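Peer 1:
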């Protein structure tokens, strides 16, 4: 009877560890992306120029703000 209790505790501990690990990893990645955004203004300006657009600072600021809002 003690064997099933040990197995149950092991399974519960495994599930708790997986859930806790997921949330810790998610929080870490959100903080990392907030501090180091995958794209910056210079990269955005180059992409717009490659697409044939004349990037204005206002348009770049709008796109950067939209991407930051999407992260939140």
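Residue numbers (the numbering used here): 292 to 363.
Note that the Cβ used here is the ideal one computed from N, Cα and C, for glycine as well.
In this text, all values refer to a predicted model and were calculated from it rather than measured experimentally.
In three-state DSSP terms, what is residue 300?
Peer 2: What you label residue 300 is simply residue 9 of the chain shown in a count that begins at 1. Helix, per DSSP.
Peer 1: Between the Cα of residue 348 and those of 336, 327, 326, 305, spot the shortest distance and give me the residue it belongs to.
Peer 2: Position 57 of the chain shown, counted from the first residue, corresponds to residue 348. Nearest of 336, 327, 326, 305 to residue 348, Cα basis: 336.
Peer 1: Going by CA-CA distance only, name the one from 293, 306, 325 that's closest to residue 361.
Peer 2: Numbered from its first residue, the chain shown carries residue 361 at position 70. Looking at the Cα atoms, 325 is the closest of the given residues.
Peer 1: Take residue 293 and list the residues in its own chain whose beta-carbon comes closer than 6 Å to its own, dropping the five residues that flank it on each side.
Peer 2: Along the chain shown, one-based indexing puts residue 293 at 2. Excluding positions up to five away in sequence, the list is empty.
Peer 1: Do the segment 343 to 358 and the segment 315 to 334 touch if we need at least three Cβ pairs shorter than 8 Å?
Peer 2: In short, these stretches touch, since the Cβ pair count reaches three.
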